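Asks: Got a structure for you, written out below as structure tokens; questions coming shortly.
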Amino acid sequence: MNMLGKKLAAVVIGLALTAGSAQAVFADSANADGGAASAKKGQHAEWKAQTAALKSQLVTLRAEQQALAAQIKSLHAVNKSAVKAMPKEQRAKLKASLKQLTQQIQSQHDSIQALRTQKQALWAQVKAAKQAGNTDAGTADLTQIIALKEQIIQVKQQVLTLQQNLQTLLTSIGV
145 MNMLGKKLAA
155 VVIGLALTAG
165 SAQAVFADSA
175 NADGGAASAK
185 KGQHAEWKAQ
195 TAALKSQLVT
205 LRAEQQALAA
215 QIKSLHAVNK
225 SAVKAMPKEQ
235 RAKLKASLKQ
245 LTQQIQSQHD
255 SIQALRTQKQ
265 ALWAQVKAAK
275 QAGNTDAGTA
285 DLTQIIALKE
295 QIIQVKQQVL
305 TLQQNLQTLL
315 TSIGV
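Quick note, the sequence shown lines up with residues 145 to 319 if you use this note's numbering.
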């Protein structure tokens, strides 16, 4: 072989080795990506398994809260129309006597808003925990969200009671 042939053979062997090592590198990165995807699927499955009961509890509480909200809204509409049907001077007297009741209702609404703000912050933490694959932190946050939702339901039940008291008062006046 002449000198040119030897150089050509060395270049071909060098290219072959480079191509082989490049394939090995790409194969390793493909396996690493597959491993990462597999790990991610495993984390997701674990997350779903550990949060399933909490999510079903949230769905139940959400339905209960929506039913309460519908009752409150209905009573509020009935009470509002009853007050509008009153003569103006009777409405003025009623407004003064109901000041404490309306303040209680407003206080309850403010309390609900504060609980909702806390709950929204916890939902952001749940999302971050899920993305990080931190199931323990996520389930702890979901448990706190459930506790806050239960508190909201209790406050809404108090609002419902106050609306019912208002309705009783309006009925006793003869509206």
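The beta-carbon is built from N, C-alpha and C at its ideal position, and this holds for glycine as well.
Predicted model, so just to flag it, every value in this text is computed and none were measured.
#1: Tell me which same chain residues have a C-beta within less than 6 Å of the C-beta of A174, skipping the five on either side of it?
#2: Going by DSSP in three states, G277 sits in which element: helix, strand or coil?
#3: Determine the DSSP secondary structure at A174, reduced to helix, strand or coil.
#4: Let me know if A273 comes out buried or exposed under the rule of 16 or more other beta-carbons within 10 Å of its beta-carbon.
#5: Which same chain residues end up closer than 8 Å to V299 when comparing Cβ atoms and leaving out the 5 residues on each side of it in sequence?
#6: Within a Cβ cutoff of 6 Å, which residues of the same chain sit near I317, ignoring the five residues on either side of it in sequence?
#7: Less than 8 Å between the beta carbons of L245 and L310, yes or no?
Replies: According to the structure data:
#1: Caution applies to A174, whose pLDDT of 47 falls short of 50 and renders its modelled position unreliable; the model cannot decide the point.
#2: coil
#3: Since pLDDT at A174 reaches only 47, below the 50 mark, its modelled position is unreliable, and the value read off the structure follows with that caveat. In the structure shown, A174 sits in a helix (DSSP, three-state: H, G or I).
#4: buried
#5: Q252, S255, I256, L259
#6: Hits under 6 Å: none found.
#7: yes
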